[in-house]
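Engineer:
Residue numbers (this note's numbering): 304 to 391.
#1: Leaving aside the five residues before and after residue 333 along the sequence, list all residues of the same chain whose C-beta is less than 7 Å from its C-beta, in chain order.
#2: Could you tell me which whole beta strand (DSSP E) segments of length 3 or greater appear in the stretch 327 to 369?
#3: Assuming residue 354 contacts residue 338 (C-beta within less than 8 Å), just tell me the rounded distance between them.
#4: Between the Cα of residue 342 and the Cα atoms of 382, 325, 365, 330, which residue gives the shortest distance?
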């Protein structure tokens with residue numbers, strides 16, 4: 304039973320990386336909507352994510368409620384910066 308529990312934990316940890324996504328990432332993230340933390344509730348998986356602050360030209364951490372929200376939601380600071388930071 305212990306081995307099965309460990310195997311399930313390992314699979315649950317690596318599956319999002321295999322799929323190239325993280326839970327909560329919209330299928331088409333965008334840089335310009337204002338921050339929207341979404342909401343929690345049954346079936347939602349809250350998590351820490353990143354959003355792009357257009358006025359400050361920086362990516363900032365937010366607590367995503369797991370449901371709802373908008374497309375300005377990124378899995379990592381690096382991903383947010385790669386797509387959103389204005390250079391120059």
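The C-beta atom is built at its ideal place from N, Cα and C for all residues, glycine as well. Every value quoted in this text rests on a predicted model; they were computed, and no experiment measured them.
Structural biologist: Judging by the given coordinates:
#1: Around residue 333: 374, 375.
#2: Every unbroken stretch of the beta strand (DSSP E) spanning 3 or more residues and falling wholly within the stretch 327 to 369 is given here in chain order: 350 to 356, 361 to 367.
#3: The pair is a contact, with the Cβ atoms about 5 Å apart (cut-off 8 Å).
#4: Minimum Cα distance to residue 342 is reached at 365.
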